[in-house]
Amino acid sequence: MSDVEVDEAPAAPVSSGSMDVNQALQEVLKNALIGDGVVHGLHESAKALDKRQAELCVLAENCDEPMYKKLVSALCAEHQIPLIKVDNNKKLGEWSGLCKIDNTGKARKVVGCSCVVIRDYGKSLQHLTF
Numbered sequence: 001m002s003d004v005e006v007d008e009a010p011a012a013p014v015s016s017g018s019m020d021v022n023q024a025l026q027e028v029l030k031n032a033l034i035g036d037g038v039v040h041g042l043h044e045s046a047k048a049l050d051k052r053q054a055e056l057c058v059l060a061e062n063c064d065e066p067m068y069k070k071l072v073s074a075l076c077a078e079h080q081i082p083l084i085k086v087d088n089n090k091k092l093g094e095w096s097g098l099c100k101i102d103n104t105g106k107a108r109k110v111v112g113c114s115c116v117v118i119r120d121y122g123k124s125l126q127h128l129t130f
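The UniProt record's numbering puts the first residue of the sequence shown at 1, with every later residue one more than the last.
Put into structure tokens, the structure is as follows:
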């Protein structure tokens, strides 16, 4: 019957099946970190965007200064660089390697990051075509 709504809990993500944008972004950031193609922070990101060295820009929505968001958005729009927005700067800092990993594999002492620019993706992946 169409009147009944059923909330299904999502199962554990399957590596060969579907994935969402956040999982694909995590994989791309991880591989770019291995290939030393990631720039952290607003100053370095703005320089890389202005020099057109960026392949992709990731911006945190909860950035402290609204002018930072305007600057990064304008530079991305001016140079036709793809911009992805994430909701939390702590999450972006964890994904881009600005944290300590404890013995159990969990991130500790995560530093927030307002902007990350990927200059080089590293090796080619299926996650880039997501």
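Note that beta-carbon positions come from the ideal geometry of N, C-alpha and C, so glycine has one too. From a predicted model like this one, the values you see are computed outputs, not experimental measurements.
Residue i classed as buried or exposed, judged by whether at least 16 other C-beta atoms fall within 10 angstroms
i, result
"Ala-60", "buried"
"Ala-74", "exposed"
"Asp-77", "Reading off the sequence shown, one finds Ala at residue 77, where the question assumed Asp. That one is exposed."
"Val-4", "Low local confidence applies: a pLDDT of 45 at Val-4 is under 50, so the model's placement there is unreliable, and no value is given."
"Ile-34", "exposed"
"Ala-106", "The amino acid at residue 106 is misidentified as Ala; the sequence shows Lys. By the 10 Å Cβ count, Lys-106 comes out exposed."
"Ile-101", "exposed"
Length of the line joining the Cα atoms of residue i and residue j
i, j, result
"residue 155", "Leu-71", "Only positions 1 to 130 of the chain appear in this structure, which leaves residue 155 out of reach."
"Val-28", "Glu-55", "11 Å"
"Leu-42", "Ile-84", "15 Å"
"Lys-51", "Lys-90", "27 Å"
"Ala-11", "Val-21", "Reliability of the predicted coordinates at Ala-11 is poor, the pLDDT of 40 falling under 50, and the value obtained from them is presented with this limitation in mind. For Ala-11 and Val-21, the distance between alpha carbons rounds to 17 Å."
"Gly-93", "Gln-80", "24 Å"
"Ser-114", "Leu-49", "15 Å"
"Val-111", "Gly-122", "24 Å"
"Lys-69", "Val-116", "12 Å"
For residue i, three-class secondary structure by DSSP
i, result
"Lys-70", "helix"
"His-40", "strand"
"Lys-91", "helix"
"Lys-100", "strand"
"Asp-64", "coil"
"Lys-47", "helix"
Strand pairing of residue i, partner residues [DSSP]
i, result
"Leu-83", "Cys-57"
"Val-117", "Val-39 and Cys-57"
"Arg-108", "Lys-100"
Specify whether the stretch 28-40 and the stretch 87-105 touch according to this definition: at least 3 beta carbon pairs, one from each stretch, less than 8 Å apart. With contact defined as three or more Cβ pairs closer than 8 Å, the stretch 28-40 and the stretch 87-105 are in contact.
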